[in-house]
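So the sequences go chain by chain: A and B. Per the working numbering, the very first residue in the first sequence carries number 7; after that it's consecutive. Per the working numbering, the very first residue in the second sequence carries number 7; after that it's consecutive. The beta-carbon is built from N, C-alpha and C at its ideal position, and this holds for glycine as well. Below is one structure, written out as structure tokens; comments come after it.
Number of protein chains: 2
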Amino acid sequence: MKLGVSPDIFPPRSHEAKRVSVVDAAASVFCREGYAGANIDLIAAEAGVSRQTVYNHHGDKEKLFVAVVRDLTERCNAGIFATIATFPDQPANLEADLIAFAVRMNRNCICNRDGRFLRKLIQAEGGRYPELFAEWREQGPGRTWSALAARFARLAFAGHLSIGDPDVAARQFLALVNAELQITFMLGGAPTEEEVLRSATDGVHTFLSAFAKKKLPAGKQAMLVHA
Amino acid sequence: MKLGVSPDIFPPRSHEAKRVSVVDAAASVFCREGYAGANIDLIAAEAGVSRQTVYNHHGDKEKLFVAVVRDLTERCNAGIFATIATFPDQPANLEADLIAFAVRMNRNCICNRDGRFLRKLIQAEGGRYPELFAEWREQGPGRTWSALAARFARLAFAGHLSIGDPDVAARQFLALVNAELQITFMLGGAPTEEEVLRSATDGVHTFLSAFAKKKLPAGKQAMLVHA
DNA sequence: GACGAATTGGACAAGCCTGTCTAAATTTGT
DNA sequence: ACAAATTTAGACAGGCTTGTCCAATTCGTC
């Protein structure tokens with residue numbers, strides 16, 4: 007029994023592993039307490055590391071904050087694009103496939119630790135670090151929406167949907183799928199798996215009511231674009 | 007020329023007017039800097055009041071914060087219910103009336119100063135003051151959604167819409183109408199009047215595509231509830 | 001105009017936090 | 001096993017902030 011009964015047990019870790027521990031703990035503390043309220047001692051304790059190690063790795067509080075944001079941005083974008091890659095381009099059951107996709111999107115990108123943390127940091131400190139979050143803004147939502155819009159456009163082209171503006175449809179899809187999670191998001195909590203499924207189901211249902219290809223009596227469904 | 011050329015000019019104000027000035031300035035500073043980063047001296051300066059006056063009126067920083075949240079909650083709820091009262095129960099032009107309602111909702115409740123401030127405070131400090139924001143949660147979104155759902159139910163009953171679950175429809179209406187303002191909200195900014203109108207137009211259009219009463223060839227439109 | 005209440009500006013102590021420094025202990029690489 | 005690099009714990013100065021106190025001034029009201 008080498009280690010005492012300290013509240014958290016930290017097995018020995020490598021140099022790099024400690025760096026990660028510090029960034030993770032910092033993300034948590036920055037989110038919980040805000041930038042100004044975040045305390046380096048607390049971050050160090052939560053990372054299971056001495057305060058000096060935090061300074062050795064990251065220089066000062068602001069550099070640490072930047073490292074945290076870059077880290078979260080990178081991981082979130084990776085998750086988002088990995089998930090968009092699973093978009094149902096050739097749906098067997100359009101509704102079921104879109105619901106499953108929406109659930110994946112929520113679970114892997116929006117409701118997971120990184121997503122919630124990044125959102126909160128942007129909301130809380132976005133005004134003070136415009137240049138830092140400009141990067142996120144361009145690479146994150148901008149590209150996400152474009153990518154998603156392209157997928158919806160393809161679905162429409164293949165005759166599965168009737169869409170006017172794919173960009174609008176993509177944004178509305180995300181909005182609908184999260185419509186019932188707003189309060190949970192607002193308070194920074196993580197919705198249960200069941201809430202996610204419910205919101206996705208309701209959202210996709212409404213989305214398809216609005217954008218499903220109108221079933222025409224005979225063939226001829228090409229020129230159907232609502233003004 | 008009594009007053010010097012100080013950057014802001016504060017005409018003499020009454021006791022109560024100063025109290026309001028302090029709460030307003032505090033709301034602004036708490037939102038900009040976060041609770042921990044908010045500085046009483048800065049609040050006093052921004053209110054055009056001495057620091058001692060802040061303490062005289064509100065006791066300490068935490069009590070001031072509570073006063074700010076209560077103030078914002080009250081004003082926001084009042085605005086929301088006043089706006090819901092303008093819901094188009096007997097629409098002349100359903101789409102135009104719903105768009106106008108959505109724009110009012112945004113302008114008077116969601117995008118105005120109070121709405122943006124309250125949202126940011128909830129997001130930033132909600133985790134630390136659960137009991138304080140529980141009040142908001144019950145009186146705000148809970149009642150808003152119920153009230154809005156009731157209005158939509160009435161529209162459906164009157165034959166203007168085909169709605170499965172009015173609560174879901176109400177949440178989805180709000181989500182759709184704000185779908186294109188997400189990024190602006192995230193960064194705490196206020197969207198332009200044009201952006202609000204655009205988002206409302208697109209959102210209502212999709213909402214009606216999903217929920218508009220299906221036009222049936224003959225009369226008989228009573229038993230139309232989708233499973 | 002005069003009196004009491006409110007306000008002001010400044011000084012002040014106490015506490016907290018950041019960031020630095022050091023010497024000892026530990027880990028890593030060879 | 002040995003040397004270099006890293007980590008640790010603690011002390012420490014400097015700065016900032018909260019909240020209090022007080023004397024002088026201004027304001028509201030009669």
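Quiz item: Where does histidine 166 of chain A land, buried or exposed, given buried means 16+ other C-beta within 10 angstroms?
Solution: In this structure histidine 166 of chain A is buried. Its beta-carbon is surrounded by 16 or more other beta-carbon atoms within 10 angstroms.
Quiz item: Between the C-alpha atoms of phenylalanine 87 of chain B and alanine 164 of chain B, what's the straight-line distance to the nearest angstrom?
Solution: Each residue's alpha carbon lies about 22 Å from the other.
Exercise. Pull up the distance between the alpha-carbon of tryptophan 151 of chain B and that of arginine 177 of chain B, whole angstroms please.
Key: Inter-residue distance for tryptophan 151 of chain B and arginine 177 of chain B is about 7 Å (C-alpha atoms, whole angstroms).
Quiz item: Taking Cβ-Cβ distances shorter than 8 Å, what residues in chain A pair up with isoleucine 189 of chain B?
Solution: Under the 8 Å cutoff, chain A gives Arg143 and Pro147.
Exercise. From the DSSP output, in three-state form, read off alanine 164 of chain B for me.
Key: Judged by DSSP in its simplified three-state form, alanine 164 of chain B adopts coil rather than helix or strand.
Self-check item: chain B contact for aspartate 251 of chain A (CB, 8 Å cutoff)
Solution: In this structure chain A extends from 7 to 233, so residue 251 of chain A is not present and cannot be described.
Self-check item: Chain-ordered neighbours of leucine 182 of chain A on chain B, where CB pairs are closer than 7 Å
Solution: Residues of chain B passing the Cβ test: Gln178, Ala181 and Leu182.
Quiz item: If we cut at 8 Å on Cβ distances, does glycine 165 of chain B have a partner in chain A?
Solution: No, glycine 165 of chain B lies away from the interface with chain A (no Cβ there is under 8 Å from its Cβ).
Self-check item: First and last residue of the uninterrupted alpha helix (DSSP H) at glutamate 144 of chain A
Solution: Counting along the chain, glutamate 144 of chain A falls outside any alpha helix (DSSP H), and DSSP gives it neither H nor E.
Quiz item: Can you tell me whether DSSP reads alanine 196 of chain A as helix, strand or coil?
Solution: The answer is coil: DSSP assigns alanine 196 of chain A none of H, G, I, E or B.
Practice problem: Let me know the secondary structure DSSP gives alanine 218 of chain B once reduced to three states. | Solution: Residue state, collapsed to three classes: strand.
Quiz item: For aspartate 103 of chain A, which of helix, strand or coil comes out of DSSP?
Solution: Three-state DSSP puts aspartate 103 of chain A in a helix.
Practice problem: Compute the Euclidean distance between the alpha carbons of valine 202 of chain A and arginine 25 of chain A, then round it to the nearest angstrom. | Solution: In this model, valine 202 of chain A and arginine 25 of chain A are separated by some 33 Å (Cα to Cα).
Self-check item: the region 183 to 200 of chain B in contact with the region 110 to 129 of chain B per 3-pair CB rule at 8 Å
Solution: Touching, yes.
Practice problem: Report yes or no: is there a C-beta of chain B within less than 8 Å of the C-beta of arginine 38 of chain A? | Solution: Yes - at least one Cβ of chain B is within 8 Å of the one on arginine 38 of chain A.
Exercise. Scan the region 38 to 95 of chain B and note each continuous alpha helix (DSSP H) run of 4 residues or more that stays entirely inside, going in chain order.
Key: DSSP assignment within the region 38 to 95 of chain B yields the following whole alpha helix (DSSP H) runs of 4 residues or more, N-terminal first: 46 to 53, 57 to 64 and 67 to 90.
Quiz item: If you run the structure through DSSP and keep just helix, strand and coil, what is alanine 98 of chain B?
Solution: If DSSP states are grouped into helix, strand and coil, alanine 98 of chain B belongs with coil.
Quiz item: Between the Cα of isoleucine 128 of chain B and the Cα atoms of B/Ala31, B/Glu22 and B/Cys37, which residue gives the shortest distance?
Solution: Among B/Ala31, B/Glu22 and B/Cys37, the Cα nearest to that of isoleucine 128 of chain B belongs to B/Cys37.
Quiz item: Given a threshold of 16 other Cβ atoms within 10 Å of its Cβ, counted over all protein chains shown, does serine 205 of chain A qualify as buried or as exposed?
Solution: Buried, since its Cβ has 16 or more Cβ neighbours within 10 Å.
Quiz prompt | Where glycine 132 of chain B sits in the DSSP three-state scheme | solution = Correct three-state label for glycine 132 of chain B: coil.
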